[in-house]
Every structure is written in structure tokens, then in C-alpha cells.
Amino acid sequence: MPAPSPAKIGLVSLGCPKALVDSERILTRLRAEGYALSRDYAGADVVVVNTCGFLDSARDESLGAIGEALAENGKVIVTGCLGAEADLIRARHPDVLAVTGPHQYEAVVDAVHQVAPPPHDPFVDLVPPEGLRLTPRHYAYLKISEGCNNTCSFCIIPQLRGRLQSRPLPQVLTEAEKLAAAGVKELLVISQDTSAYGVDLKHAATEWRGATLRTHFVDLCTVLSQLGIWVRLHYVYPYPHVDDVVPLMANDRLLPYLDIPFQHASPTVLKAMRRPANQEKMLERLRRWRALCPDLTVRSTFIVGFPGETDADFETLLAWLDEAQLERVGCFKYEPVDGAAANALPGTVPDDVKEQRWHRFMRAQRTISAARLKRRKGRTLSVLIDTVDGQGRAVGRSAADAPEIDGKVHIADAHGVKPGDLIKARIHDTDAYDLHGTPWPPRRPTLTRRPGGRR
Ligand code: SF4
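Residue numbers (the numbering used here): 10 to 464.
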């Protein structure tokens, strides 16, 4: 008798890369138990919706996605950040089968078991050793911890995801090795607070390949830098020990890239945000880092229109930005988040003022970005190819560009190039955010020769 076909799981993944990693873990676990995956609502026995609940717009999107899954399929399990607000979800969508919070993998899997029992004999060998991933084959996110011990007044992540919980170092390194062995060319290290890695474990000593290592950001980066693939650091809080990884970047062992969300530059606003408030010192550190590692790209995000932000505070921010000359910058207009301490602060900034400040900020940064990119004209850079259109045009990223959030390198005459290739490209032109170039040395198109014919 043929074996019954396994139950099929649909998954809708919303939110940030950290949520994406949660989705990958859930899928990996379910696939390991023998479940099949469905690409559409109709074919799924149950749909898991992994939600984001950080901003009001993200909550609306999540509630909309739950509604869509209910309408299309009817059997829906909700998880992720918005899952921390089960009452809200059940009030809007009483028919959801279960609601679980962020990184509650066991609870999600249990809820799936209730709706669609697992096959008796799981084909564990169907699961690749590196797990299942939702990113392209050539890059992967490596989540090193959950939660955060900081108390930024605009943020409810610590309420949603709890205090810092670092994954054990051998577990993180084993996952990184498996990903590299599976052909991943770029690892994106993520968490809520990457440079705090190991604080909760008191930087416990641990054995790894015959060496004793600390569960610490610097030791983690040192071992990752030996994998021989691109390693990019995201969400780095500027603790003093971040200085210690810049030499690894200068020596081409880690990508010369630091994603540090500075959020503002005015001491008054930073204090109200409960963030480190010495941006003068930060400028000095940036100068030192760049002297040591001239190719360093610093990426950051800022918030304009935070409660109490005056014209003078905003001018301080623009002046700091001009001094800092950061390569990659994103900017958000302040949006109150339900449950955040900042909601109680006086001095709400009117929407039209927020809007004007945002435009001025973006114009200023556009000029900086264009000037920084111009310095790359004429250089030959390593580029990791993301897409190819079949007509010799490829789009990739240099060391300065993280996927989804930064600029791109547009490559013409990229004959024979495939996604995941790491090639050299000569940069001929630059604009405000992107680079334009051709492979170096140049590639010739592959010409087909018919037997006995002329090319
Ligand atoms: S460091 Fe990031 S995650 Fe932690 S409280 Fe601040 S903004 Fe939130």
C-alpha cells in the first residue's frame, strides 16, 4: 500500500531578517518531522503566519496577512512578534487556531501537530544539514542571540522578545560551518544587539576545535573570519570592544562593514532615547577606524521627529552627519509604538515638521552617499552576483552593500556569470546609491559555432 502523503504546511513570513530566521527554523523542524511544504494557500493543510509587531504599519500588515490566510485557507496558526498580543489578534480574527509569541518554536510545532499530525516515520534525511532557508542559496542570515538588555525608549523589542539570550558559541559556529559547506558565500550576522553577544552567559569559556574560546563578540568574529567566506556584521551597538574587530576587517578577514544604528546625534535626543550620548567621541572612533581600514563602510539608521526634537537638535544631527560621512544611511520618521516609554515624552513633533526634516535629511545624505561612491570609480572590486537577466546584465553587491537595504552594483557584459558567483568588476560610473561596471578582466560572449559554418 503506498504511504499516505504527508500533511502540507504553508508559511507566510513577515518582518525583519530575525523573523525570517525564525521562519527558517520552524520550516526546518517541520520538514525534519516529515511534513511537506506548500507554496500556495490551496494546497496547505495548515498555514503558519509569522508576524511582525514593531510599528503600527507592520501590525496592520500582519493582521491583514492573517485575514488573507483565513479567507484563503481557513486553518491558521499565528506566531512571531505580534503573537505577543494574542488578545488583539483573537479580537480581530477569532478563528485563528493558535497564537504563539516570538521564537516559541516548540509551541508552533505543537500547534501544527494538533491540526495536522506528523507522519509516523519522518524522513529526516530529506532535510539538508544546514537546514531550510528562505534566502537565495548564496547568502544566509546567522542569528546569534535573541532579545536585548537595552532600554531604548522608542523600542518594545525587549518586551516582545525578552532579555538577551545568546546561543551557545559551538552551536552558532557549527551552523556557520554547515552553511559555508553548503555553498553559502556570505553570512549576515544578526541579532538585536550583536556586540553584546555572550553578556548573558558571562562570556563563558567553551571548547571549539581544541581551542578555548570566550562566548564573546570578538572571539565569535575571529572564528567566523576563518571560514573563507564573506561575513557581514549587522545591528552592532557601539561598545568599546567593537574597536577590536576593525583589524580583522583591515586584513580582509571580515567584510569591512559595520551596521551601527546611531539613531540621532543630539545629546538631548539621545538621552531621551536612552542611547549612548557621546557622538563627539563616536566621530573620533570613526576617524580611527577609517585610518586603520580605509575601505570601511559604516551603515546606520536614524530617527527624525522624535518627541522633544527641536530645530537645534535637528541641525546638530545634520552637522554630525556631514562630519561623519557615513556611506549607507536609512532614516525613519518617528512613529509611536504601542507600549513604548517614548509615548509619554512631551514635545510631539507635528507630522509636517517630521516630513520636512526627513526630506532635508535624505537630501543631505544623498549628497554624501554620491560623493563617497564617486571614490570607487576606476577601482576593481569584488562583487557577489545576486541576479542575471540572460542578456549579459547582472546585478550584484560589493563589500559595501548588504542585501535588501543597501545599493547595488550593475554589471554590463557579464557573459557566463551566474547568481552566487564572486567576480571582479571594474567600476566605470557611480550615482547616488549604486555602482556601474563591467567584469574585470572583460569576458567575451560565448559564440556558438555550427559544424562547418562560420561564426
Ligand atoms: S538596542 Fe535595539 S532592540 Fe535593543 S532596545 Fe534598543 S532599539 Fe530595541
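No residue lacks a Cβ here, since even glycine has one placed at the ideal position from N, Cα and C.
Values in this document were obtained by computation on a predicted structure and should not be read as measured data.
Query	Result
Residue from Asp395, Gly416 and Arg452 whose Cα sits closest to the Cα of Glu195	Asp395
Boundaries of the beta strand (DSSP E) in which Ser391 is found, first to last residue	Thr389 to Val397
CB contact flag (Thr37, Gly171, <8 Å)	no
Contact test: Cys61 Cβ vs the ligand SF4 heavy atom, cutoff 7 Å	no
beta-carbon Gly356 near the ligand GDP non-hydrogen atom, thresh 7 Å	The ligand GDP is not among the ligands present in this structure, which contains only the ligand SF4.
heavy atom of the ligand SF4 below 7 Å from Cys161 C-beta	yes
Distance between Val118 and Lys84 (C-alpha atoms, nearest Å)	14 Å
Assigned secondary structure, Ile153 (DSSP; H/G/I helix, E/B strand, else coil)	coil
The ligand SF4 heavy atom lying under 7 Å from the CB of Gln180	no
Pairwise C-alpha distance: Glu332 and Glu289	10 Å
Run of the alpha helix (DSSP H) containing Ala220, from where it starts to where it stops	Counting along the chain, Ala220 falls outside any alpha helix (DSSP H), though it belongs to the beta strand (DSSP E) covering Ala220 to Arg223.
Cutoff 7 Å; reference Ala442; Cβ partners in own chain excluding five residues on either side	According to the sequence as given, residue 442 is Tyr; it is not Ala. So the list reads Ser378 and Gly416, once near-sequence residues are dropped.
Rounded C-alpha distance that separates Val254 from Val227	6 Å
Length-filtered (4 minimum) alpha helix (DSSP H) runs lying within the region 307 to 337	320 to 333
Asp202 Cβ short of 7 Å to the ligand SF4 heavy atom set	yes
Close Cβ partners of Ala423 (< 6 Å) along its chain, the five nearest in sequence each way excluded	Gly401, Ala403 and Pro448
The region 94 to 101 contacting the region 187 to 204, beta-carbon criterion three pairs below 8 Å	no
His419 - containing beta strand (DSSP E), residue span	Val418 to Ile420
Sub-8 Å separation of Ser32 and Leu46 beta-carbons	no
Backbone CA spacing between Ala259 and Gly110 [nearest angstrom]	41 Å
Per-residue DSSP class, three states only, for Arg241	strand
Identified DSSP bridge partners for Asp268	Arg308
For Val121 and Val55, believed in contact at Cβ under 8 Å, the rounded distance	6 Å
Those runs of the alpha helix (DSSP H) which lie wholly inside the region 175 to 207 and span at least 4 residues	178 to 190
Cα-Cα separation, Val397 to Gly425	9 Å
Closest Cα partner of Leu6 within the set Gly237, Thr144 and Gly156	Residue 6 falls outside the range modelled here, since the chain spans only 10 to 464, and no answer is possible.
Near the ligand SF4: Ile166 beta-carbon under 7 Å from a heavy atom	yes
CB of Arg337 within 8 Å of CB of Thr306, strictly	yes
Straight-line Cα distance separating Leu39 from Pro131	The predicted position of Pro131 is uncertain, since its pLDDT is 47 and thus under 50; a value taken from the coordinates is nonetheless stated next. Going from the Cα of Pro131 to the Cα of Leu39 covers about 10 Å.
For Val346 and Leu64, the rounded distance between their alpha carbons	6 Å
Three or more C-beta pairs below 8 Å linking the region 266 to 273 and the region 291 to 306	yes
Nearest-angstrom Cα separation, counted from Pro451 out to Ser391	14 Å
Any non-hydrogen atom of the ligand SF4 closer than 7 Å to Cys25 Cβ	no
Coarse secondary structure for Ile18, derived from DSSP in three states	strand
CA nearest to the CA of Val313, picked from Leu295, Gly348 and Ala274	Ala274
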